[in-house]
Amino acid sequence: MSDKILQCLYCQKEVDVANIPVGHSRCPHCGKVLPMKRLQELRQPDVAPPPIPGFGNGPDPAAPIQSPSQPQVQPGVDASQPPPGQGVPPRTPPKRKLIKRQVSAKPKNIKCTNCGAPIEIKNEAMAEMVSCSYCGSVLDLNSPDYKVLRKVLLEKRPASPLPLGSRGSLKGIEWEVIGRVRMLEEGIYSWDEFLLFNPQNGYAWLVLEDGHWTYMRKGKNKPAFNPRWCSLGDKFSHYGRNFQVVDKAQAQITYIEGEFTYQAMVGDKVDYLDAVSPPLMLSAEWTEQELEWLSGEYVTPETIAHAFQVKNMPIPVGVARNQPYQRAAWRKQVTIASLIFAGLFLIMLIGPCVTPRKVANFSVSADQYLNKNQPYLSQPINFTKPTVVKLKLEAPLSNSWIFMDINVIDASNQTVVGLGKEMAYYSGSDWSEGSRSASAAFKIDKAGEYRLSFSGDAGSGTSGGPRRETVNVTVYKGAMLYRYFIIMAIICLFFPLVEFIRFSSYQGKRVGDLNDDDD
Amino acid sequence: MVNYKKVSCPNCGALIEDIDRFAAMAVCEYCGGAMVWQDDAVLAMGDMAILVEYPTPLYLHATGQVRGKRFEVAGRVRYRYAKGFWDEWYLAFEDGSYGWIAEDEYEFSFERAVRGPVQIPAYSQVSPGGQLVVEGKFVIVDEKDVAYLEGAEGSLPWVLTKDRQFPYVEASQGDYMVTIEYTEGAPEVFVGEWVDVGEIKLDYPKDDQEDGSGWSDA
């Protein structure tokens with residue numbers, strides 16, 4: 001058997017390439033097609049692995065013990081061979097280097113320079129400063145003998161819902177609270193920043209202000225402008241979302257404890273800017289040396305309380321600047337349903353659904369309707385079932401008016417409906433008012449023959465006599481009374497309006513609202 | 520193709536087989552001694568600090584692929600500045616070229632040196648938040664500080680002295696980022712792109728922690 005062995009992907013049996021005739025590419029055991037690329041490679045006699053001793057060729061004496069997380073070797077591909085066309089062969093790390101290999105940050109135990117109490121540094125490589133939880137001294141981890149930077153009196157420690165060392169899972173990462181900073185702006189607004197650490201995922205922040213929580217991480221894709229030149233209320237777009245600058249100020253550290261990747265002291269000042277697009281938040285901090293953006297997201301107090309098992313959770317005050325508007329599911333559903341119905345009623349108004357049918361059309365001359373002694377009586381109109389009747393009156397008015405008294409008279413000569421309609425139309429060279437037509441609607445409750453009587457009055461100009469226009473009358477049946485649909489639409493819009501008012505008042509309660517800042 | 524040269528460490532005598540052929544300097548992985556090549560002779564150049572490990576997926580001699588290019592990690596340099604440090608991983612590519620992956624607090628950028636003259640303002644004129652134009656692109660300055668060499672391992676293309684100290688400026692805009700090192704003579708400019716840690720695909724990733732949470736005491 002030659003050393004050119006190929007493994008069949010189907011039957012997993014080893015195939016000696018020398019035994020496969022040129023031009024054939026099927027497994028002699030199962031008859032399935034062999035991996036072509038690999039087969040061609042093995043057929044070429046001169047493609048040799050790189051002539052570097054110690055790796056590539058054959059078994060590496062220093063090959064590490066395979067750990068479960070290492071990639072599984074593909075069937076048919078010998079991992080010690082270079083993949084086709086790749087000049088850098090996969091290289092098994094030599095055993096001696098395994099000592100160094102680690103994914104997680106290295107903790108380190110030191111003793112407090114001031115009191116000798118043990119301190120565990122969670123991330124030795126990056127920690128620059130740590131405070132002793134016993135005596136409160138702050139140590140400089142960059143100095144070889146851990147110089148004491150400052151002594152803090154622990155009695156001053158403000159109450160905290162997240163004590164150092166608390167652990168909790170957020171966004172699928174198990175974080176430990178390793179630091180805490182309390183900030184103060186303008187001597188009034190105060191908030192806490194908790195530094196979170198995970199040995200594999202690095203750092204994150206939880207900001208607590210007025211009982212509201214924001215989870216923040218360092219942002220890679222920063223907005224492309226200088227936050228120094230921004231002012232409150234400025235708006236910008238970032239990754240398809242519209243942000244508004246809601247805060248820009250200088251804050252001062254009033255309390256700091258824990259392990260930090262930088263050195264900071266009580267009294268240090270920080271320039272910052274906050275911009276929100278609920279539930280998201282972008283925060284910039286800058287010094288003479290550095291500009292850093294953090295991107296954050298609102299987290300409900302319940303989530304934090306559950307994740308970190310917090311007992312004394314501060315009660316949220318007002319609405320946070322980046323708190324999203326949330327409402328019960330039924331409220332949302334009712335709002336959407338109401339809007340849909342209101343929309344349907346409005347579509348019905350446009351009216352293609354119910355078209356009234358024309359049943360009669362006749363003219364009433366001026367002689368007829370101006371006759372004071374006897375009103376004009378139309379031909380009988382037969383309605384086979386109760387319906388809504390619509391009348392349309394038209395007359396070629398010109399700076400004149402007609403008032404018409406219309407009565408609906410049933411077969412037994414009883415007036416069932418009486419109504420009055422006025423048409424008036426005035427115009428000048430560049431203006432006009434009124435209309436040359438009028439319409440009226442009434443309901444017929446019983447089927448039968450009905451006649452319409454017309455008597456009226458007319459005039460022209462300011463006090464002129466009638467111009468004696470003939471009135472054209474069209475009668476429709478099966479008309480629809482639009483006003484009912486309008487009323488329905490208004491009723492349907494009531495709930496969404498209530499929701500909108502609720503939303504507006506919610507927005508008005510936002511903490512640090514721009515209107516408040518203008519006071 | 521990665522080519523290696525063998526050398527006996529002038530400091531401790533250990534045989535090191537995997538030094539990049541074109542390295543100007545290397546650090547012995549046994550004793551931490553630095554060595555430089557002068558003509559054909561290897562000279563010892565003092566000790567380099569042992570680098571403290573932190574959670575990075577990369578390691579010396581790791582092979583893998585980034586942005587469609589296969590590489591082997593040939594070396595690493597660590598620079599420290601006032602607020603921490605960053606690592607620069609020196610990559611040897613299969614086509615014989617070299618590149619860098621800079622890693623700063625769990626953020627990675629894939630960088631290359633800009634050849635030829637670049638118009639760069641003086642260090643004193645740059646301030647964080649300000650604008651720069653590099654290769655016709657606007658970038659915003661993120662950081663400005665002085666860095667010094669903390670340590671190195673593996674093979675490196677230059678000779679780094681322990682007292683190497685230089686002002687630098689970092690700027691970025693979207694995925695594009697720029698590092699300017701104000702060394703003696705002309706400033707050296709590197710441009711790069713942010714890479715997601717998932718884009719760096721190693722043939723042999725580092726061993727994972729048992730429970731995956733990252734906490735060994737969990």
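Heads up: the sequence lines are chains A and B, in that order. Numbering follows the working numbering, with no gaps: position 371 of the first sequence is 371. Just add 519 to wherever you are in the second sequence, counting from 1, and you've got the working numbering. Heads up, the beta-carbon is just placed ideally off N, CA and C, and yes, glycines get one too.
Inset, instruction - May I ask you to report which of helix, strand or coil DSSP gives F685/B? - result: strand
Inset, instruction - Identify, in the order they occur along the chain, each residue of the same chain with its Cβ nearer than 8 Å to the Cβ of V678/B, setting aside the five sequence neighbours on each side. - result: Contacts found: A543, M544, V555, M564.
Inset, instruction - Would you decide whether D715/B is buried or exposed? Buried here means 16 or more other CB atoms lie within 10 Å of its CB. - result: exposed
Legend entry - Closest residue to T303/A among F500/A, L452/A, L206/A, V245/A (Cα-Cα distance): L206/A
Legend entry - Cutoff 7 Å: T214/A Cβ touching any chain B Cβ: Judged by the 7 Å Cβ criterion, T214/A is not in contact with chain B.
Legend entry - Per-residue DSSP class, three states only, for A543/B: coil
Legend entry - Backbone CA spacing between I173/A and R182/A [nearest angstrom]: So the two alpha carbons sit approximately 24 Å from each other.
Legend entry - Range of the contiguous beta strand (DSSP E) that encloses H306/A: From DSSP, H306/A is part of no beta strand (DSSP E) but of the alpha helix (DSSP H) over 301-308.
Inset, instruction - Please name the residues in the region 557-571 of chain B whose beta-carbon is closer than 9 Å to at least one beta-carbon of chain A, in chain order. - result: Residues passing the 9 Å Cβ filter: L570, V571.
Inset, instruction - Report yes or no: do the region 262-273 of chain A and the region 123-140 of chain A share at least 3 C-beta pairs separated by less than 8 Å? - result: yes
Legend entry - When Y325/A, F236/A, E288/A, P314/A are compared against L282/A, the one with the closest alpha-carbon: F236/A
Inset, instruction - Would you check if the region 449-461 of chain A and the region 393-406 of chain A touch, i.e. whether three or more CB-CB distances between them fall below 8 Å? - result: The region 393-406 of chain A vs the region 449-461 of chain A: in contact.
Inset, instruction - Identify each residue in the region 681-695 of chain B for which the Cβ-Cβ distance to at least one residue of chain A is less than 8 Å, and report them in chain order. - result: S691, Q692, G693, D694
Legend entry - Contact set for Y325/A: own chain, Cβ-Cβ below 7 Å, skip 5 residues either direction: Cβ within range, chain order: F503, Y506.
Inset, instruction - Could you pull out every residue in the same chain whose Cβ sits closer than 6 Å to the Cβ of Y642/B, ignoring the five residues on either side in sequence? - result: Cβ-Cβ distances below 6 Å link Y642/B to P686, Y701 in the same chain, with the five nearest sequence neighbours on each side left out; the list follows chain order.
Legend entry - Where the region 256-290 of chain A meets chain B: residues whose CB sits under 9 Å from a CB there: T261, Y262, Q263, A284, W286, T287, E288, Q289, E290
Legend entry - Contact set for I20/A: own chain, Cβ-Cβ below 6 Å, skip 5 residues either direction: none
Inset, instruction - Please report the residue range of the beta strand (DSSP E) in which A424/A lies. - result: According to the DSSP assignment, A424/A belongs to the beta strand (DSSP E) that extends over 415-427.
Legend entry - Positions along the region 640-663 of chain B whose CB lies within less than 9 Å of some CB in chain A: S646, P647, G648, G649, Q650, F657, V658, I659, V660, D661, E662, K663
Inset, instruction - Quick one: list the residues of chain B neighbouring A125/A, beta-carbon separation under 7 Å, in chain order. - result: Residues of chain B whose Cβ lies closer than 7 Å to the Cβ of A125/A are, in chain order, V571, E572, Y573.
Inset, instruction - Would you mind telling me which residues of chain B sit closer than 8 Å to N243/A, beta carbon to beta carbon, in chain order? - result: As written in the sequence, residue 243/A is Phe, which differs from the Asn given in the question. Near F243/A there are no residues of chain B at all, since even the closest Cβ is about 16 Å away, more than 8 Å.
Inset, instruction - Just confirm the distance between the C-beta atoms of L393/A and V473/A, as a whole number of angstroms; I'd bet it's less than 8 Å. - result: 6 Å
Legend entry - Neighbourhood of A117/A by C-beta, 8 Å cutoff - its chain only, sequence neighbours within 5 removed: K111, C132, S133, Y134, C135
Legend entry - N- and C-terminal bounds of the beta strand (DSSP E) containing Q252/A: 241-260
Legend entry - Where A284/A falls: helix, strand or coil (DSSP): strand
Legend entry - As assigned by DSSP and simplified to three states, the class of S504/A: Helix, per DSSP.
Legend entry - K446/A: CB within 6 Å of a non-hydrogen atom of the ligand ADP: The ligand ADP is absent from the structure shown, which contains no ligand whatsoever.
Legend entry - Sequence-distant residues of its chain with Cβ nearer than 7 Å to C531/B (five each side left out): C547, Y549, C550, G552
Inset, instruction - Report yes if the CB atom of E669/B is closer than 7 Å to the CB atom of R597/B, and no otherwise. - result: yes
Inset, instruction - For E174/A, name the three-state secondary structure that DSSP assigns. - result: strand
Legend entry - Member of G428/A, M488/A, F442/A whose CA lies at the smallest distance from the CA of P386/A: Cα-wise, what sits closest to P386/A is F442/A.
Legend entry - DSSP state of T582/B mapped onto helix, strand, coil: strand
Legend entry - Chain-ordered neighbours of P227/A on chain B, where CB pairs are closer than 9 Å: G648
Inset, instruction - Could you please give the first and the last residue of the uninterrupted alpha helix (DSSP H) stretch that includes D367/A? - result: 366-369
Inset, instruction - Drop a sphere of 10 angstroms on the beta-carbon of F201/A, count the other beta-carbons inside from all chains shown, and report buried for 16 or more, exposed for fewer. - result: Reading off the sequence shown, one finds Asn at residue 201/A, where the question assumed Phe. Buried.
Inset, instruction - Output the boundary residues of the beta strand (DSSP E) element that contains V658/B. - result: 656-675
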